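Data first, discussion second: the structure below is written as structure tokens.
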Amino acid sequence: MVYGSIFNIIRGNPFNLEVLVDSWPDYQTVITRPQKQPMMDDKDHYTNTYHIFSKDFQKLPAILECDSVINWKQSLTIEGCQNGLNEKIQDVVAFKSVKVDYSKRFLYMTEDVFKFIASNASKLMKSNEVASLENVTFKRTNNNFKLSLLDVSHAEFVNNNWKYRQNEKSLRFIKRCLQNFPGFYLLDPEGNPIAWTIMEHTNEVRMGYTLPEYQGRRITQWMGINCMQYLKETNMPFYCQVESMNESAHRLMKSLGFQLLDSGWHEWKCVPVEF
Numbered sequence: 092m093v094y095g096s097i098f099n100i101i102r103g104n105p106f107n108l109e110v111l112v113d114s115w116p117d118y119q120t121v122i123t124r125p126q127k128q129p130m131m132d133d134k135d136h137y138t139n140t141y142h143i144f145s146k147d148f149q150k151l152p153a154i155l156e157c158d159s160v161i162n163w164k165q166s167l168t169i170e171g172c173q174n175g176l177n178e179k180i181q182d183v184v185a186f187k188s189v190k191v192d193y194s195k196r197f198l199y200m201t202e203d204v205f206k207f208i209a210s211n212a213s214k215l216m217k218s219n220e221v222a223s224l225e226n227v228t229f230k231r232t233n234n235n236f237k238l239s240l241l242d243v244s245h246a247e248f249v250n251n252n253w254k255y256r257q258n259e260k261s262l263r264f265i266k267r268c269l270q271n272f273p274g275f276y277l278l279d280p281e282g283n284p285i286a287w288t289i290m291e292h293t294n295e296v297r298m299g300y301t302l303p304e305y306q307g308r309r310i311t312q313w314m315g316i317n318c319m320q321y322l323k324e325t326n327m328p329f330y331c332q333v334e335s336m337n338e339s340a341h342r343l344m345k346s347l348g349f350q351l352l353d354s355g356w357h358e359w360k361c362v363p364v365e366f
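Every position in the sequence shown, counted from 1, becomes a number in this note's numbering once 91 is added.
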């Protein structure tokens, strides 16, 4: 998550993020968050997001409790991919006037992305290459279906079928994603979208959805193969997270060659009690 945020910061920073560290150059904790200007809506937890990585959990609570680091007066989302984060964050919110909704999901990544991150970690802050989304082509499943790139005009139907959606704030978030990151959708013979997924500002591939009448027909697997090929060709690292009970998504991840990470994916949605 932090890696993906920094990856996009140095490639134009379309979400206007900033990086905080506890010390430099020998840092132990890294936090990415939006700059102050984008966080003008106190109730927009889609925008007010913080991503955390730490090598020193003992000192982490003292960092997180600072209002200059996290604005606890807003609705916000904290995400991380380390076991042990929940205990430290719960220690902090126990002394804040906020309601917390914590969720843990399964984190998936491919071996190719592991290698990409390992080989590029030392070069990350030096790169300014931007992956182009122009002139992309995809193979057809057959003569009836076609894969193409989403654009901002598709934001509404993505929002209407997203589990955590159906409000203006989620729609605004999806539009920003589609304006700045690749999204993919499959068209039926009449040109109607039947399956789709998008990438967001930490390079997570998410919001995947297939219309019920097309589920179970291996369409999602075929779309996933082509999406992964495109992301690899444009040197964009990516990962996915899956809810524990979503067995079909777990099978899809394994069929696409994803590996399950022991650390998991963790999220805390925090809302001030007065909201």
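Using N, Cα and C, we set each Cβ at its ideal position, and we do this for glycine too.
Keep in mind it's a predicted model, so treat the numbers as computed, not measured.
Relative to the alpha-carbon of residue 164, which residue among 184, 171, 150 and 106 has its alpha-carbon at the smallest distance? Taking the sequence shown and counting its residues from 1, one reaches residue 164 at position 73. Per the C-alpha coordinates, the member of 184, 171, 150 and 106 positioned closest to residue 164 is 184.
Quick check: the Cα distance between residue 99 and residue 326, rounded to an integer number of angstroms? What you label residue 99 is simply residue 8 of the sequence shown in a count that begins at 1. What you label residue 326 is simply residue 235 of the sequence shown in a count that begins at 1. Residue 99 and residue 326: Cα-Cα distance of roughly 12 Å.
Going by C-alpha to C-alpha distance, which of 297, 265 and 236 sits closest to residue 283? As a working note, residue 283 is residue 192 in the sequence shown. Answer by Cα proximity: 236.
Do residue 201 and residue 349 have their C-beta atoms closer together than 8 Å? Residue mapping note: residue 201 aligns to position 110 of the sequence shown, counting from 1. Residue mapping note: residue 349 aligns to position 258 of the sequence shown, counting from 1. Taking the C-beta atoms as reference points, residue 349 is found nearer than 8 Å to residue 201.
Separation of residue 122 from residue 109, as counted between CA atoms: For this step, residue 109 is matched to residue 18 along the sequence shown. For this step, residue 122 is matched to residue 31 along the sequence shown. So the two alpha carbons sit approximately 8 Å from each other.
Who pairs with residue 284 in a beta bridge, going by DSSP? Position 193 of the sequence shown holds residue 284. For residue 284, the beta-bridge partners assigned by DSSP are 278.
Within the continuous beta strand (DSSP E) that includes residue 138, where are the two ends? In the sequence shown, the residue the question calls residue 138 occupies position 47. Premise fails: residue 138 is in no beta strand (DSSP E) and is neither H nor E.
Should residue 147 be labelled buried (16 or more other beta-carbon atoms within 10 Å of its own) or exposed? Walking along the sequence shown from the start, residue 147 turns up at place 56. Note on residue 147: under 16 other CB atoms within 10 angstroms of its CB, so exposed under the neighbour-count rule.
What separation, rounded to the nearest whole angstrom, lies between the Cα atoms of residue 258 and residue 268? The residue you call residue 258 lines up with position 167 of the sequence shown. The residue you call residue 268 lines up with position 177 of the sequence shown. Going from the Cα of residue 258 to the Cα of residue 268 covers about 16 Å.
With a CB to CB cut of under 6 Å and the five nearest residues on each side skipped, what residues in its chain are close to residue 274? On the sequence shown, position 183 is the one that residue 274 refers to. So the qualifying residues of the chain are 241 and 289.
With a CB to CB cut of under 6 Å and the five nearest residues on each side skipped, what residues in its chain are close to residue 152? To locate residue 152, count along the sequence shown from 1; it is residue 61. So the list reads 179, 182 and 183, once near-sequence residues are dropped.
Ignore the nearest five residues each way along the sequence and tell me which others in residue 129's own chain have a CB closer than 6 Å to its CB. As a first step, residue 129 is located in the sequence shown; it is residue number 38 there, counting from the start. 107 and 138, listed in sequence order.
Just the C-alpha distance for residue 313 and residue 279, rounded to the nearest angstrom, thanks. Locating residue 313 in the sequence shown gives position 222, where the first residue counts as 1. Locating residue 279 in the sequence shown gives position 188, where the first residue counts as 1. One C-alpha to the other measures close to 14 Å.
With a threshold of 16 other CB atoms inside 10 Å of the CB of residue 124, please say whether the residue is buried or exposed. Counting from one through the sequence shown, the residue named residue 124 turns up at place 33. Only buried fits residue 124, as 16 or more other CB atoms lie within 10 angstroms of its CB.
Continuous beta strand (DSSP E) stretch holding residue 299: start and end: Walking along the sequence shown from the start, residue 299 turns up at place 208. Residue 299 -> beta strand (DSSP E) spans 296-301.
Would you identify the three-state DSSP class for residue 357, choosing helix, strand or coil? Sequence index remark: in the sequence shown, residue 357 carries index 266 (1-based). Note: residue 357 maps to strand in three-state DSSP.
Tell me the residue span of the beta strand (DSSP E) that contains residue 239. Here the question's residue 239 lines up with position 148 in the sequence shown. It spans 237-240 - the beta strand (DSSP E) in which residue 239 sits, taken as one unbroken run.
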